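A.B. asks:
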Amino acid sequence: MSSSQPPSGKRNPLGFDELIAILVAFGTMGAIFFWVTGRNPDRLNARSWQFPAVFSQPAAVPGNSTILTPVQPNSDVPSRSTFVIPSQPDIAPVAPLGPVLPVVPPMGTIVVPQTPIGRESVPPVITKPKAAQPKAGPVKLSDVPEKYWARPFIVALVDRKIFSDVADNKFRPDEPMTRAELARLIQRIGDKEPRRKPVDFKDVKDSSPIAGAIDHSVKTGYLKGYPDKAFRPEKEVPRVEVIAALASGLNLKPSAKPSQTLQVYTDRKKVPKWALNKVAAATEAGIVVNHPTPTLLQPNKIATRAEVAAMIYEAMAKQGKVPVKPSDYVMKPVKPSK
0 MSSSQPPSGK RNPLGFDELI AILVAFGTMG AIFFWVTGRN PDRLNARSWQ
50 FPAVFSQPAA VPGNSTILTP VQPNSDVPSR STFVIPSQPD IAPVAPLGPV
100 LPVVPPMGTI VVPQTPIGRE SVPPVITKPK AAQPKAGPVK LSDVPEKYWA
150 RPFIVALVDR KIFSDVADNK FRPDEPMTRA ELARLIQRIG DKEPRRKPVD
200 FKDVKDSSPI AGAIDHSVKT GYLKGYPDKA FRPEKEVPRV EVIAALASGL
250 NLKPSAKPSQ TLQVYTDRKK VPKWALNKVA AATEAGIVVN HPTPTLLQPN
300 KIATRAEVAA MIYEAMAKQG KVPVKPSDYV MKPVKPSK
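This is the structure we're talking about:
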């Protein structure tokens, strides 16, 4: 006999068998899903699939306490629900924000740069052009006029630093010449080898500033001392000694009798006997300069700086060191008569 009451609207709780069936169904579907996505994860474009933790949390407990709950799984065994399916990114990586600190390699590691290290280009040095230095002009001497008779000889020797005692553009052409000053000039023009022994003069100390010039002029054969072994450096030198010194230094010899050669001079009798050969040889060589009268020798007259400059220049021209300069006061080479 059937009941006449309508069915109750109250939901009956699931039984244990039903709960087990549901869990087995979900597990089977999950296994199939894992198998499909594992073989070709790109087909479904699965990037970060994660299933709900079915096995990690207990089922909802109904109001009825008689329903059993599944046992908490062992924590040592990872649940399938915690696995993340790997996938390859299909987008370009994003650069990190902010500065990237360089990685310091360990000690002893050889670091090879990714790009070759080139030399640093050195900027060109900009230098200002130097101003052109003015060229040295002609020698200007306030006391040697343009038409002065010995100006060509004086200017040439001053330009060659043979006369180096020019101060305030003054040459002092009419001042006398001393033996020490003559020795300095000979030292500057003389390039000959020594052919005489040095002389220890009693009036020239080794520490004297003129000792070297005097020693050079004596060893090269230009100058001599006096019989008393004195040089007399401060003595004003006469013209005949200048002529004899140049003839001795150039080793000039007369080609005829001195008396015959000296016939060109009106005052030839004033020439000392010891200097006859030297003056005759210098006259034949054309290094004797007489001003203002060419035939007036004036052998015993104190030589001026201008006269010494003229005769020294002619001696250098005789050696080929300087070009010949024409002058009306230079005695022309004499050809002795046969």
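Using numbering that gives the first Met the number 0, the letters of the sequence shown map in sequence onto residues 0 to 337. Glycine included, each C-beta is placed from N, C-alpha and C at the ideal position. Nothing here was measured: the structure is a model prediction, and the numbers come from that model.
I need the straight-line Cα distance from F25 to G14, nearest angstrom please.
C.D. replies: If I take the Cα positions, the gap works out to 17 Å.
A.B. asks: Tell me whether A135 sits in a helix, a strand or coil according to DSSP, three-state version.
C.D. replies: Low confidence applies here, because A135 scores a pLDDT of 45, under 50, leaving its location unreliable; read the following figure in that light. A135: coil per DSSP, three-state reduction.
A.B. asks: How about D266 and L295: are their beta carbons less than 8 Å apart?
C.D. replies: Cβ atoms of D266 and L295: closer than 8 Å.
A.B. asks: Below 8 Å between beta carbons: does that hold for R187 and G220?
C.D. replies: In this structure, G220 does not lie closer than 8 Å to R187 by Cβ.
A.B. asks: According to the Cβ coordinates, are R183 and F230 closer than 8 Å?
C.D. replies: No.
A.B. asks: Considering only their Cβ atoms, is the gap separating I286 from L245 smaller than 8 Å?
C.D. replies: Yes, Cβ-Cβ distance for L245 and I286 is below 8 Å.
A.B. asks: Expressed to the nearest angstrom, what Euclidean distance is found between the alpha-carbon atoms of K169 and V157?
C.D. replies: Those two C-alpha atoms are separated by around 11 Å.
A.B. asks: By alpha-carbon positions, which one of K191, Q262, Y225 ends up nearest to E283?
C.D. replies: Per the Cα distances, Q262.
A.B. asks: Under 8 Å between the Cβ atoms of R197 and K324?
C.D. replies: For clarity, residue 197 is Pro in the given sequence; the question names Arg instead. No, the Cβ-Cβ distance between P197 and K324 is not below 8 Å.
A.B. asks: Pick from A155, D142, N276, A255: whose alpha carbon is nearest that of P322?
C.D. replies: With distances taken between Cα atoms, P322 lies closest to A155.
A.B. asks: Keeping to the same chain, check which residues put their C-beta closer than 6 Å to that of K139; ignore five residues upstream and five downstream.
C.D. replies: Once the five neighbours on either side are set aside, the close Cβ partners of K139 are N168.
A.B. asks: Within 10 angstroms of the Cβ of P226, are there 16 or more other Cβ atoms? Answer buried if so, exposed if not.
C.D. replies: Label assigned to P226: exposed.
A.B. asks: Would you list the one or two residues that DSSP bridges to A166?
C.D. replies: A166 pairs with K169.
A.B. asks: Looking at the structure shown, is V157 part of a helix, part of a strand, or coil, going by DSSP?
C.D. replies: Helix.
A.B. asks: In chain order, which continuous runs of the alpha helix (DSSP H) of length 4 or greater are located wholly inside the stretch 297-323?
C.D. replies: Here the runs fully enclosed are 304-317.
A.B. asks: Just how far apart, CA to CA, sit D164 and V217?
C.D. replies: Spanning the two alpha carbons is a distance of roughly 22 Å.
A.B. asks: Which residue wins for smallest C-alpha separation from A255, given the options V278, A309, K317, F33?
C.D. replies: Of V278, A309, K317, F33, the residue nearest in Cα terms is V278.
A.B. asks: With burial defined as no fewer than 16 other Cβ atoms inside 10 Å of the residue's Cβ, what is the status of G211: buried or exposed?
C.D. replies: Counting Cβ neighbours within 10 Å, G211 comes out exposed, since fewer than 16 surround it.
A.B. asks: Which residues in the same chain have their Cβ closer than 6 Å to the Cβ of S64, if we skip the five residues on either side of it in sequence?
C.D. replies: For S64, the pLDDT reaches just 45, beneath the cut-off of 50, and the residue's location in the model is therefore unreliable, leaving the point undetermined.
A.B. asks: Could you have a look at P232 and say whether DSSP puts it in helix, strand or coil?
C.D. replies: In the structure shown, P232 sits in coil (DSSP, three-state: anything other than H, G, I, E or B).
A.B. asks: Ends of the alpha helix (DSSP H) at S206?
C.D. replies: From DSSP, S206 is part of no alpha helix (DSSP H); its letter is neither H nor E.
A.B. asks: Just the Cα atoms here: how many angstroms apart are E233 and I185?
C.D. replies: Spanning the two alpha carbons is a distance of roughly 16 Å.
A.B. asks: Hey, does V263 have any beta-carbon neighbour from chain E nearer than 8 Å?
C.D. replies: Note that chain E does not occur in the displayed structure, where there is just one protein chain.
A.B. asks: What does DSSP give as the partner residues of V288 in its beta bridges?
C.D. replies: DSSP lists V329 as partners of V288.
A.B. asks: In whole angstroms, what is the alpha-carbon distance linking I161 and K268?
C.D. replies: About 33 Å.
A.B. asks: Out of curiosity, what's the CA-to-CA distance linking E313 and N289?
C.D. replies: Spanning the two alpha carbons is a distance of roughly 12 Å.
A.B. asks: Given a threshold of 16 other Cβ atoms within 10 Å of its Cβ, counted over all protein chains shown, does D142 qualify as buried or as exposed?
C.D. replies: With fewer than 16 other Cβ atoms within 10 Å, it is exposed.
A.B. asks: Can you tell me the Cα-Cα spacing of V329 and I242, whole angstroms?
C.D. replies: If you take the alpha carbons of V329 and I242, they lie about 13 Å apart.
A.B. asks: Please report the distance separating the alpha-carbon of A316 from that of K191.
C.D. replies: Taking the straight line joining both Cα atoms gives about 15 Å.
A.B. asks: Considering only their Cβ atoms, is the gap separating E306 from R238 smaller than 8 Å?
C.D. replies: Against a cut-off of 8 Å, the Cβ pair of E306 and R238 comes out as a contact.
A.B. asks: Throw me the rounded Cβ distance for the I153 and A308 pair, which I believe falls under 8 Å.
C.D. replies: Contact holds; Cβ gap of about 5 Å.
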